[in-house]
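Each residue of the sequence shown is one higher than the one before, starting from 1 at the first, in UniProt numbering.
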Amino acid sequence: MGDSGFILAGDRYAGRVRLVMDGAERLGLVSIHTFVGDARDVPIAPASFDRVLLDAPCSGLGVLRRRAEARWRISPDDPEVLGKLQQEMLLEASRLVKPGGLLAYSVCTLSSDETIGVDKWAQSALPRFEAQPIPASPWIAHGRGALLTPDAAGTDGMYLLLLKAPE
């Protein structure tokens, strides 16, 4: 892709969007465009993108080895509440994918509410979207997606679900 095409990055916090734009400017990238807003209501026409990455807000339980203090900011209800938010965001993201395009759902947590729970929800809410295989090792199959665990990969814990939109 290089620096061609159109990349749209959004966040509800202007400071985070500014970080993306600062990085793009530093690298001389002109294909990156941003918006400040809610990912549950993206101001873009349906079926506008070949690829959509939803790096959803999550409990962050997969980064505890690097950020141990985060455990004190997470309440027991957070994974369930965030799982519902992620479902709403994934539904909106699915609206933006062109026929035959790909939708990637990613979170830095290993919580079942935010991984397999969202996958099961997507299976019924987006039945025409087909799960795509994730490359093997160090990824571990989990539902229709895959986990990357700190012990297996020496990285943060992550979950990835890759879905192909119907033609």
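Here a beta-carbon is modelled for each residue, glycine too, at the ideal position from N, C-alpha and C.
- For the options 68, 10, 4, 2, the alpha carbon positioned closest to that of residue 89 is the one of 10.
- Contact between residue 97 and residue 52 holds: CB atoms are separated by about 5 Å, below the 8 Å threshold.
- Taking the C-beta atoms as reference points, residue 25 is found no nearer than 7 Å to residue 100.
- Considered as a whole, the segment 66-142 harbours 97-107, 140-142 as its complete beta strand (DSSP E) runs of no fewer than 3 residues, in chain order.
- Classified as buried, residue 158 has 16 or more neighbouring CB atoms from the shown chains inside 10 Å of its CB.
- The Cβ-Cβ distance between residue 150 and residue 65 falls below 7 Å.
- At a Cβ-Cβ threshold of 7 Å, residue 74 and residue 94 do not count as neighbours.
- Linking residue 81 to residue 147 through their CA atoms gives a straight-line distance of about 21 Å.
- Minimum Cα-Cα distance from residue 145 among the listed residues 92, 152, 115, 165 corresponds to 115.
- Straight-line spacing of the CA atoms in residue 47 and residue 119 works out to 21 Å.
- Residue 154 carries a coil assignment under DSSP once its states are collapsed to helix, strand and coil.
- Annotation: the continuous alpha helix (DSSP H) that includes residue 22 extends over 14-27.
- By the Cβ-count criterion, residue 142 is buried, with 16 or more other Cβ atoms from all chains shown falling within 10 Å of its own Cβ.
- Taking C-beta atoms as the reference points, residue 163 and residue 129 count as a pair closer than 7 Å.
- Counting every other CB atom within 10 Å of its CB across the protein chains shown gives residue 152 a total below 16, marking it as exposed.
- Closest in C-alpha terms to residue 135, from the list 160, 156, 112, 63, comes 160.
- The continuous beta strand (DSSP E) containing residue 7 extends over residues 7-11.
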